[in-house]
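Trainee: Take a look at the following structure, please.
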Amino acid sequence: MNMINMRIYMSACKQVQPLVNFPGGLPGGLNMAPLFRRDKVVIVVGATGTGKSRLAIDLATRFHAEIVNSDKMQVYKGLDIVTNKVTEEECRGVPHHLLGTIDPNSNFSAEDFCHQALSVMESITSRDRLPIIAGGSNSYISALVNHHAEFRMKYECCFLWVDVSLPVLHSFVSERVDKMVEAGLVEEVRRLFDPEADYSRGIRRAIGVPELDQYLRFGVRADERTRDRLLKVAISKIKENTCMLAWRQLQKIQQLHDQWEWDMHRLDATGVFLNRSKEADEAWNRHVAEPSLNIVRKFLYEDCVPNIVSHEVAVATATMIGVPIPMATVATACR
């Protein structure tokens, strides 16, 4: 770690009392600065439709937390039905950040997400609240967790993976699209429709927008039978593409787990989706919410010591001040 990164680390992280004492002080009257601990963040991942937002809100109501949205379509303003944003009622008073705040015609990149997410998280932790990152865009989360130096130096992560068997999830996703159509999905896209629009930019990339192009472009002048056929094809394509998205997201999560060795806590919610009766809430609490609460409680409160700077940072600090420190005496981060 170079001097610039060291200065970033020292300015970014909170101080804790040193766990290593040197009798008589350091040579030359040097005073070893207190070691630094990282703030904690919970990250909820999973394929589309698995209940990530619900779990994040459940946790936020129990741990004085705020949620940072990491869904690359939900960051944009508009198309609340198409992008399946949580409603005000579903938020249950929990503050949400980066949800419906970005210009829908802009391209909000992973780099943009990292920049804004870090700013939001700093605000959250400054108020002694827990940041919870939740969303289906694993490219955003990967960019933040794996490739952003400031995040890696400042935060310790707890990963919760809400998983549902794909055949069961595909059935649920199909039903959800039908409900979204009933709620006004087509009319919502119609208000945004522009025959000259670029479907590779901004919110128009969202599943549900390009698929309705042919219906909105030609349906107005078509007879009723043709119009109905065009709409049926569009809805079928929305379902197909949403199922493909779920499959790709699942593959990405597994890849991230294998490549970066994220310590993920997998929560199997398949039983919740199979139980569509009034017992579904009980199944959710039993299989997802309660286990997650226990995991996060241990992550926040039951670690043996505060999470301390890594071995790499400790070595860099020793090298910087010219004092050999026996690494065996430096407490390592709790797992």
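Note that my numbering has the sequence shown beginning at 762, numbered continuously upward.
Heads up, the beta-carbon is just placed ideally off N, CA and C, and yes, glycines get one too.
In or out: Lys833 buried (at least 16 other Cβ within 10 Å) or exposed?
Mentor: The residue given as residue 833 occupies position 72 in the sequence shown. Looking at its Cβ environment, which holds 16 or more other Cβ atoms inside 10 Å, Lys833 is buried.
Trainee: Just the C-alpha distance for Leu820 and Val923, rounded to the nearest angstrom, thanks.
Mentor: The residue labelled residue 820 in the question sits at position 59 within the sequence shown. The residue labelled residue 923 in the question sits at position 162 within the sequence shown. Each residue's Cα considered, the two are about 13 Å apart.
Trainee: Can you give the Cα-Cα distance for Leu891 and Gly854, rounded to whole angstroms?
Mentor: Along the sequence shown, one-based indexing puts residue 891 at 130. Along the sequence shown, one-based indexing puts residue 854 at 93. Spanning the two alpha carbons is a distance of roughly 15 Å.
Trainee: Using CA atoms only, rank isn't needed, just tell me which of Glu827, Leu879, Met1005 and Glu917 is closest to Asp1024.
Mentor: Numbered from 1 along the sequence shown, position 263 holds the residue referred to as residue 1024. Ranking the options by Cα distance to Asp1024, first place goes to Glu917.
Trainee: When burial is assigned at 16 or more other CB atoms within 10 Å of the CB, is Val805 buried or exposed?
Mentor: Sequence index remark: in the sequence shown, residue 805 carries index 44 (1-based). That one is buried.
Trainee: From Asn907 to Leu1011, what distance separates their C-alpha atoms?
Mentor: Walking along the sequence shown from the start, residue 907 turns up at place 146. Walking along the sequence shown from the start, residue 1011 turns up at place 250. C-alpha separation (whole angstroms): 18 Å.
Trainee: On the CB-based measure, 16 or more other CB atoms within 10 Å of its CB, does Lys846 come out buried or exposed?
Mentor: Position 85 of the sequence shown, counting from 1, holds the residue named residue 846. So Lys846 ends up on the buried side.
Trainee: Pick from Lys915, Leu859, Met914 and Leu977: whose alpha carbon is nearest that of Gln877?
Mentor: In the sequence shown, residue 877 corresponds to position 116, counting from 1. Selected option, being the one with the closest Cα: Leu859.
Trainee: Determine, for Ala1050, whether the minimum Cβ-Cβ distance to residues of chain C falls below 7 Å.
Mentor: Of the protein chains in the structure, only one exists, and it is not chain C.
Trainee: Give the DSSP-derived three-state secondary structure of Arg1027 in the structure shown.
Mentor: Counting from 1 along the sequence shown, the entry for residue 1027 is found at position 266. Of the three classes helix, strand and coil, the one that applies to Arg1027 here is strand, per DSSP.
Trainee: Straight-line CA distance for Asp1029 to Val1049?
Mentor: Along the sequence shown, one-based indexing puts residue 1029 at 268. Along the sequence shown, one-based indexing puts residue 1049 at 288. In a straight line, the C-alpha of Asp1029 is about 7 Å away from that of Val1049.
Trainee: At what residues does the beta strand (DSSP E) containing Asn830 begin and finish?
Mentor: The count along the sequence shown starts at 1 and reaches residue 830 at position 69. That run of the beta strand (DSSP E) goes Ala826 to Asn830.
Trainee: Here's a check: name, in chain order, each residue in its chain whose Cβ is nearer than 6 Å to the Cβ of Cys875, leaving out the five neighbours to either side.
Mentor: Position 114 of the sequence shown, counting from 1, holds the residue named residue 875. The residues are Ala904, Leu905 and His909.
Trainee: Between Ile1056 and Met914, what straight-line distance do the alpha-carbon atoms span, to the nearest angstrom?
Mentor: As a working mapping, residue 1056 is identified with position 295 in the sequence shown. As a working mapping, residue 914 is identified with position 153 in the sequence shown. Spanning the two alpha carbons is a distance of roughly 23 Å.
Trainee: Are Ile999 and Gly969 touching if we call contact CB-CB under 7 Å?
Mentor: The sequence position of residue 999 within the sequence shown is 238, counting from 1. The sequence position of residue 969 within the sequence shown is 208, counting from 1. Yes, Cβ-Cβ distance for Ile999 and Gly969 is below 7 Å.
Trainee: To the nearest angstrom, how far is it from the Cα of Thr811 to the Cα of Val981?
Mentor: In the sequence shown, residue 811 corresponds to position 50, counting from 1. In the sequence shown, residue 981 corresponds to position 220, counting from 1. Roughly 36 Å separates the two Cα atoms.
Trainee: Determine the direct distance from the alpha carbon of Gly1032 to that of Asp1042, and round the result to whole angstroms.
Mentor: In the sequence shown, counting from the first residue as 1, residue 1042 sits at position 281. In the sequence shown, counting from the first residue as 1, residue 1032 sits at position 271. C-alpha separation (whole angstroms): 11 Å.
Trainee: Got a sec, what are the start and stop residues for the alpha helix (DSSP H) Lys846 sits in?
Mentor: Here residue 846 refers to the residue found at position 85 of the sequence shown. No alpha helix (DSSP H) contains Lys846, which DSSP labels as neither H nor E.
Trainee: When you compare each of Asp939, Lys940, Arg1047 and Pro971 to Arg951 by their alpha carbons, which one comes out closest?
Mentor: What you label residue 951 is simply residue 190 of the sequence shown in a count that begins at 1. Nearest of Asp939, Lys940, Arg1047 and Pro971 to Arg951, Cα basis: Pro971.
Trainee: Can you give me the start and stop residues for the alpha helix (DSSP H) that Lys1000 sits inside?
Mentor: Position 239 of the sequence shown holds residue 1000. Run containing Lys1000: Glu985 to Trp1021, per the alpha helix (DSSP H) assignment.
Trainee: When DSSP labels each residue in this structure, what does Glu1063 get in the three-state scheme?
Mentor: Taking the first residue of the sequence shown as 1, we reach residue 1063 at position 302. Coil at Glu1063, not helix or strand.
Trainee: Quick one: Cα of Ala808 to Cα of Trp1008, how far?
Mentor: Indexing the sequence shown from 1 puts residue 808 at position 47. Indexing the sequence shown from 1 puts residue 1008 at position 247. Whole-angstrom Cα-Cα distance: 7 Å.
Trainee: Is the CB-CB distance between Cys1004 and Val934 below 7 Å?
Mentor: Here residue 1004 refers to the residue found at position 243 when the sequence shown is read from its first residue. Here residue 934 refers to the residue found at position 173 when the sequence shown is read from its first residue. A contact, by the Cβ cut-off of 7 Å.
Trainee: State buried or exposed for Val781, treating a residue as buried only when at least 16 other CB atoms are found within 10 Å of its CB.
Mentor: In the sequence shown, counting from the first residue as 1, residue 781 sits at position 20. Because the pLDDT at Val781 is just 37, under 50, the model does not fix this residue reliably, and the point stays unresolved.
Trainee: Would you mind sorting Phe912 into buried or exposed? The rule is 16 or more other CB atoms within 10 Å of its CB.
Mentor: Numbered from 1 along the sequence shown, position 151 holds the residue referred to as residue 912. Buried: at least 16 other Cβ atoms inside 10 Å.
Trainee: Only counting the same chain, and skipping five residues up and downstream in sequence, which positions put a Cβ closer than 7 Å to that of Trp1021?
Mentor: Translated into the one-based positions of the sequence shown, residue 1021 becomes position 260. Hits under 7 Å: Asn907.
Trainee: When we look at the beta-carbon of Arg1047 and count the other beta-carbons within 10 Å, is it buried (16 or more) or exposed?
Mentor: The sequence position of residue 1047 within the sequence shown is 286, counting from 1. Arg1047 is exposed by the Cβ-count criterion.
Trainee: Can you find the residues in the same chain that come closer than 8 Å, C-beta to C-beta, to His931, ignoring five residues on each side of it along the sequence?
Mentor: Reading the sequence shown from its first residue, position 170 is the one you call residue 931. Cβ within range, chain order: Cys1004 and Ala1007.
Trainee: Spell out the partners DSSP gives Gly807 in its beta bridges.
Mentor: Residue numbering aside, residue 807 sits at position 46 when the sequence shown is read from its first letter. Bridge partners of Gly807: Val923.
Trainee: Give me the Cα-Cα distance between Cys852 and Asp984, rounded to the nearest whole angstrom.
Mentor: Your numbering for residue 852 matches position 91 in the sequence shown. Your numbering for residue 984 matches position 223 in the sequence shown. Each residue's alpha carbon lies about 42 Å from the other.
Trainee: Pull up the CB-CB distance for Gly945 and Tyr837, whole angstroms please, since I reckon it's below 8 Å.
Mentor: Position 184 of the sequence shown, counting from 1, holds the residue named residue 945. Position 76 of the sequence shown, counting from 1, holds the residue named residue 837. That pair is no contact at about 18 Å.
Trainee: Mark Cys1065 as exposed unless 16 or more other C-beta atoms lie within 10 angstroms of its C-beta, in which case mark it buried.
Mentor: Within the sequence shown, residue 1065 is the residue found at index 304, counting from 1. Summary for Cys1065: the model assigns pLDDT 44, below 50, so the residue's position carries little reliability, and this model does not support an answer.
Trainee: Measuring only the C-alpha atoms, how far is Ile893 from Ala958?
Mentor: On the sequence shown, residue 893 is found 132 positions in, with the first residue counted as 1. On the sequence shown, residue 958 is found 197 positions in, with the first residue counted as 1. Approximately 35 Å between the Cα atoms of the pair.
Trainee: Are the CB atoms of Glu948 and Leu840 within a distance shorter than 7 Å?
Mentor: Mapped onto the sequence shown, residue 840 falls at position 79. Mapped onto the sequence shown, residue 948 falls at position 187. No, these two residues do not count as a Cβ contact at 7 Å.
Trainee: Is Asp800 helix, strand or coil when you go by DSSP?
Mentor: Translated into the one-based positions of the sequence shown, residue 800 becomes position 39. Strand.
Trainee: For Thr987, does the count of other Cβ atoms within 10 angstroms reach 16, so buried, or fall short, so exposed?
Mentor: Along the sequence shown, read from residue 1 onward, the residue named residue 987 stands at position 226. Thr987 is exposed by the Cβ-count criterion.
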